[in-house]
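Protein sequences appear in the order of chains B and D.
Using the numbering used here, the first residue of the first sequence is number 589, and each one after it goes up by one.
Using the numbering used here, the first residue of the second sequence is number 81, and each one after it goes up by one.
Ideal placement from N, C-alpha and C gives every residue a C-beta, glycine not left out.
Quick caveat, the model's predicted, so the values are computed rather than measured.
See below for the structure under consideration.
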Amino acid sequence: MAGNVDALYIFLIIVSGLMTLLIFTAVVYFAARYRHRRGVLAEQIEGSTPLELTWSIIPLGVFMVIFIWGAVVYFKERTPPRDSTEIYVVAKQWMWKLEHAEGQREINELHVPVDRDVKMIMTSQDVIHSFYIPAFRIKQDVVPGRYTVAWFRATKPGTYHLFCAEYCGTQHSGMIGSIVVMPPAQYEAWMTGGTMTGGTSGPLSVTGEKVFAELGCVTCHRSDAQGRGPNLQGLFGAPVKLEDGRTVIADENYVRESILDPGAKIVAGFKPVMPTFQGLVSEEQLNALVAYVKSLSKSASAGASSAAATPPSTNAPTQGSQVQ
Amino acid sequence: MSMATPTIQPVVRENYERENYLNKHYGVGSWLLTTDHKRIALLYLVSITFFFFIGGFFALLIRLELLTPASDLVQADTYNKLFTMHGMVMIFFFLVPSIPAVLGNFLVPMMIGAKDLAFPRINLLSWYLYIIGGVMMLHCMLTGGVDTGWTFYAPFSTAFTNTKIIEAGLAIFVAGFSSILTGLNFVVTIHRMRAPGMTWSRLPLFIWAHYATSIIQILGTPVIAITIVLVAAERALHLGIFDPKLGGDPLLFQHLFWFYSHPAVYIMILPSMGIISEIIACYSRKRIFGYSFVAFSSIAIAVFGFLVWAHHMFVAGISVYAALLFSLLSYAVAVPSAVKVFNWTATLYKGSIHYDAPMLYAFGFLGLFTIGGLTGLFLAALGIDVHVTDTYFVVAHFHYIMVGGAVMGYLGGMHFWWPKISGRLYPEGWAKLAALIVFIGFNLTFFPQFLLGYMGMPRRYADYSHMPEFQILNVFSTAGATILGVGYLLPMIYFLWSMRYGKPAPDNPWNAAGLEWMTPSPPTTFNFEQEPVVTWEAYNYDELDAPHKQEVPVVR
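As structure tokens, this is what we get:
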């Protein structure tokens, strides 16, 4: 990823360097060549439409190349690969709380294996923050009330800066951390070693299942077709037909919204009877619930990774970051 | 130019003693109740200079804090207030009013051959609104200030800070009306009060630029006013607008905010472009190359400028398709800006170029605006923006446009028209020196910030002690800022000096085209003794410099 961004950056430096050189050379040359001399009058030139068109259309052409190149890089940055390792991120003033799908919790530190796609599903407990890893050239605002998504694939073991890039109050510049990229074997050892800054619990989906039972969700969302709420088996990543005729893809934001604001999107054939859980569940519990709902859609053979976590990218490349 | 030769000295003496807008009335009351656009321009000049130095003082403290990685000079909270107040003061109380309210106010009526603006009393009212807003801002700063950044992002501003958001918002709200009224006044004046023969195609490009600016002021400013009201409503009454906890949408705030605040950049830079056109024409002794393209590019910038706001939000959580559209439109707005630069460059071709101080500022503008504009291409490229947005790259970019571009143009214009404004000549040597110092200081301050940004230093960081690798470039930047500070102090000192000790200025010291130069220096209260009749095109330097011509016609 960093390579793609840098390639475009270097291209832009060359293009703008040439343009600067062209303009500066012309200005300096004209300024020197046509400096005021006694008795020599300026030659009045009205302008030239062909010239105007030339220097409008050529830059526009160059701009379009930059635009398309930039868009291609951006699309890649915004489309997490389907079987990424998932990390749930909760930002708050002024710390990063990161939880692996397997249950390992970290604060201001994220350990990831090298050469694996890592997808962050992020939300904020308070104000807007921004998850920024300069070395990987990725940045994504972390917005309260919704999930946004970012991903990266580290190619070299090492420790990299994690910054908050959106001003968030007094200790904004203290909301920093590190990304530790490890070789796979070392990473496995770390995962089981119990040295993580935030402790560990079982897999997030198991935690989610417990919450699901405790909050009584299970009484309506039964695993057969008899419940008062929709059956959640196989829901995640699938299209959902709504009462108002629309069809939406059940992504992280859909599940989240359905818990906090159940009336926003009513599934076709169901009544708006579900109460809101706004204020009753913490961000961490929400993440666990989302992970649980996801786990219900996994094929029997799926391992720790969530193959169905991402809907086909052609339909919704930014499932996590769309404005609702 | 050396037009002020001793031979015309006697005429000059007489100039100085005759009645003009400055000596017609004396006393504080004659200034505070004036409806003369030139006097109001001077009222604005004094007030915006005051705010410029306040904003500059904050900038100096910011740079001093960043000299060392640790947060040692001031505490984090204080630092956050410093960059917030720096931004608010500089943008709303210096840059937005700077050129339109000072030079625009002074020159728009004179350039089109009018006695005054269409609504002289509204013009005075707009200054009072500015002052009321300014006093409110000062009060807000003295009683605690604000720590949100000038961008007021919600929900931080509406629910998570206990600083003076509503007070600051109200100050900007009131000052905004001043901006709207000025724009309104200009649009009506330019439409209705042009002298006979002053057709649209004969207008100086300064007027075209101000016309475009006024449109943005009228259409854009109400949106920021509404946004401020909504922030206050959510903060005070807990109406759920932006805060998701209350059912609001934080991205809605950003859309509303940037819908004004992106076009606001053009409020700052367009008038400056107008000045540059006047200066380059005069000191090249030529009509601007491609007059109509330069004129219409101002309008194009004003129109396209309204359609690119979400390019500030590429990582905020907007959909990729929206990002795509706004990236494309951002490149569209870059074209008219590029066209202007090419036309100014082409104007130099076969000119007769003089290197007076205003021209040095214009050259400086060309250099800095080119760099600022080209780095805008980086930011509009989606893939790169993700990395460099909210870093020092952005800080460097917009300072190149808004300080390198707008302030260079403003200073160039102040020098160019100072003889007309004050009736005195500024010291040429000092002025050239100041232009050079500003140019060097500016680049030393802000160029390292491009590098810092690409290295990944986020903006608005009080403390970077975990990233000592950023220090060396910050040291350069702080060193540059002190040089830049000197460069800005110098003109203020010698302008003040020249008011008393400067050589009296002839009516047209640069032998420049334009109706304003056909008035006495300083002009009389109603500018022209009789309404001028325009029979020539703008920038008729061929006629002014024609060997058979003895003297420029002066209307008295």
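Residues near residue i by beta carbon distance below 6 Å, same chain, minus five either side
{"i": "Pro-438/D", "result": "Ile-359, Gly-492, His-495, Phe-496"}
{"i": "Glu-247/D", "result": "Cys-220"}
{"i": "Ser-377/D", "result": "Pro-416, Val-419, Lys-420"}
{"i": "Ala-313/D", "result": "Leu-319"}
{"i": "His-717/B", "result": "Ala-679, Val-730, Cys-752, Glu-754, Cys-756"}
{"i": "Tyr-775/B", "result": "Pro-701"}
{"i": "Met-168/D", "result": "Trp-230"}
{"i": "Gly-214/D", "result": "Phe-173"}
{"i": "Val-768/B", "result": "His-699, Thr-747"}
Partner residues on chain A for residue i, Cβ-Cβ distance less than 8 Å
{"i": "Asn-592/B", "result": "Going by chain labels, chain A is absent from the structure shown, which instead holds the protein chains B and D."}
Alpha carbon of residue i to alpha carbon of residue j, nearest angstrom
{"i": "Val-593/B", "j": "Arg-725/B", "result": "7 Å"}
{"i": "Glu-665/B", "j": "Ala-403/D", "result": "13 Å"}
{"i": "Gly-762/B", "j": "Tyr-541/D", "result": "8 Å"}
{"i": "Phe-236/D", "j": "Ser-341/D", "result": "18 Å"}
{"i": "Thr-307/D", "j": "Ala-742/B", "result": "41 Å"}
{"i": "Phe-373/D", "j": "Ala-380/D", "result": "10 Å"}
{"i": "Ser-712/B", "j": "Tyr-411/D", "result": "33 Å"}
{"i": "Ser-545/D", "j": "Phe-556/D", "result": "17 Å"}
{"i": "Met-679/D", "j": "Thr-599/D", "result": "Because chain D in this structure spans residues 81 to 636, residue 679/D falls outside the shown range and cannot be described."}
{"i": "Leu-654/B", "j": "Met-353/D", "result": "Reading off the sequence shown, one finds Ile at residue 654/B, where the question assumed Leu. About 26 Å."}
{"i": "Ser-636/B", "j": "Leu-457/D", "result": "26 Å"}
{"i": "Arg-625/B", "j": "Ser-364/D", "result": "11 Å"}
{"i": "Ser-846/B", "j": "Tyr-480/D", "result": "46 Å"}
{"i": "Gly-867/B", "j": "Ala-234/D", "result": "20 Å"}
{"i": "Phe-339/D", "j": "Leu-332/D", "result": "11 Å"}
{"i": "Phe-240/D", "j": "Arg-315/D", "result": "10 Å"}
{"i": "Val-855/B", "j": "Phe-800/B", "result": "19 Å"}
{"i": "Lys-798/B", "j": "Phe-719/B", "result": "30 Å"}
Neighbouring residues, chain B, relative to residue i (Cβ below 7 Å)
{"i": "Lys-244/D", "result": "What Lys-244/D touches in chain B: nothing, since even the nearest Cβ is about 15 Å away."}
{"i": "Phe-376/D", "result": "By Cβ distance, chain B contributes nothing, its closest Cβ being about 10 Å from Phe-376/D, past 7 Å."}
{"i": "Leu-408/D", "result": "Phe-655"}
DSSP state of residue i mapped onto helix, strand, coil
{"i": "Ala-679/B", "result": "strand"}
{"i": "Asp-329/D", "result": "coil"}
{"i": "Gln-297/D", "result": "helix"}
{"i": "Val-829/B", "result": "Val is not the amino acid found at residue 829/B; the sequence shown has Lys there. Three-state DSSP puts Lys-829/B in a strand."}
{"i": "Pro-600/D", "result": "coil"}
{"i": "His-546/D", "result": "coil"}
{"i": "Leu-319/D", "result": "coil"}
{"i": "Ala-738/B", "result": "strand"}
{"i": "Leu-750/B", "result": "strand"}
{"i": "Val-706/B", "result": "strand"}
{"i": "Ile-726/B", "result": "strand"}
Cβ shell of residue i (< 7 Å), same chain only, five flanking positions each side left out
{"i": "Pro-351/D", "result": "Ile-179, Pro-180, Gly-184, Ala-289, His-290, Thr-293"}
{"i": "Ala-514/D", "result": "Gly-567, Leu-570, Pro-571"}
{"i": "Phe-174/D", "result": "Ile-128, Phe-131, Phe-132, Gly-135"}
{"i": "Thr-450/D", "result": "Val-421"}
{"i": "Leu-259/D", "result": "The residue you asked about is not Leu; residue 259/D is Ser in the sequence shown. The answer, listed in chain order, is Val-176, Pro-177, Gln-297, Thr-301."}
{"i": "Gly-224/D", "result": "Thr-243, Lys-244"}
{"i": "Gly-591/B", "result": "none"}
{"i": "His-600/B", "result": "The displayed chain sequence assigns Leu, not His, to residue 600/B. Here the set comprises Ile-654."}
{"i": "Tyr-506/D", "result": "His-495, Trp-498, Tyr-574, Phe-575, Ser-578, Gly-582"}
{"i": "Leu-187/D", "result": "Phe-286, Trp-497, Glu-596"}
{"i": "Leu-848/B", "result": "Thr-864, Phe-865, Gln-866"}
Beta-carbon neighbours of residue i, restricted to chain B and to distances below 8 Å
{"i": "Asn-160/D", "result": "Tyr-755, Gly-757, Thr-758, His-760"}
{"i": "Tyr-544/D", "result": "Ser-761"}
Sequence-distant residues of the same chain with beta carbon closer than 8 Å to residue i, five excluded per side
{"i": "Ile-296/D", "result": "Gly-263, Pro-343, Ala-344, Tyr-346, Ile-347, Leu-350, Ala-382, Gly-385, Phe-386"}
{"i": "Pro-189/D", "result": "His-117, Lys-195, Asp-196, Leu-197, Thr-269, Met-273, Asn-607"}
Neighbour list for residue i in chain B, Cβ cutoff strictly below 9 Å
{"i": "Leu-446/D", "result": "Ile-611, Phe-612, Val-615"}
{"i": "Lys-366/D", "result": "Ala-630, Glu-631, Gln-632, Ile-633"}
{"i": "Asn-535/D", "result": "In the sequence as presented, Asn is not what sits at residue 535/D; that position holds Met. Near Met-535/D (Cβ distances below 9 Å), the residues of chain B are Pro-722."}
Quiz item: Residues in the segment 707–738 of chain B with C-beta within 8 Å of chain D's C-beta atoms, listed in sequence order?
Solution: Answer set for the segment 707–738 of chain B: Asp-714, Val-715, Ile-716, Ser-718, Tyr-720, Pro-722, Ala-723, Arg-725, Ile-726, Lys-727, Gln-728, Asp-729, Val-731, Pro-732, Gly-733, Arg-734, Thr-736.
Quiz prompt | Members of the segment 220–243 of chain D that neighbour chain B once the beta carbon cut-off is set at 7 Å | solution = Flagged, chain order: Gly-229, Tyr-233, Pro-235, Phe-236, Phe-240, Thr-241.
Exercise. Give, in chain order, every residue of the segment 609–641 of chain B whose Cβ lies closer than 8 Å to some Cβ of chain D.
Key: Cβ proximity to chain D below 8 Å picks out Ile-611, Phe-612, Ala-614, Val-615, Phe-618, Ala-619, Tyr-622, Arg-623, His-624, Arg-625, Val-628, Leu-629, Ala-630, Glu-631, Gln-632, Ile-633, Glu-634, Gly-635, Ser-636, Leu-639, Glu-640 from the segment 609–641 of chain B.
Practice problem: Please name the residues in the segment 181–211 of chain D whose beta-carbon is closer than 8 Å to at least one beta-carbon of chain B, in chain order. | Solution: Answer in chain order: no residues at all.
Quiz item: Got a sec: which bits of the segment 663–689 of chain B sit with their beta carbon under 9 Å from any beta carbon on chain D, in order along the chain?
Solution: Residues Phe-663, Lys-664, Glu-665, Arg-666, Thr-667, Gln-681.
Practice problem: Mind checking the segment 164–178 of chain D against chain B and listing, in chain order, the residues whose C-beta falls within less than 7 Å of any C-beta there? | Solution: If the cut-off is 7 Å between Cβ atoms, the segment 164–178 of chain D has nothing near chain B.
Quiz item: Along the segment 612–624 of chain D, what residues have a CB closer than 7 Å to any CB found in chain B?
Solution: The segment 612–624 of chain D vs chain B, Cβ under 7 Å: Tyr-621, Asp-622.
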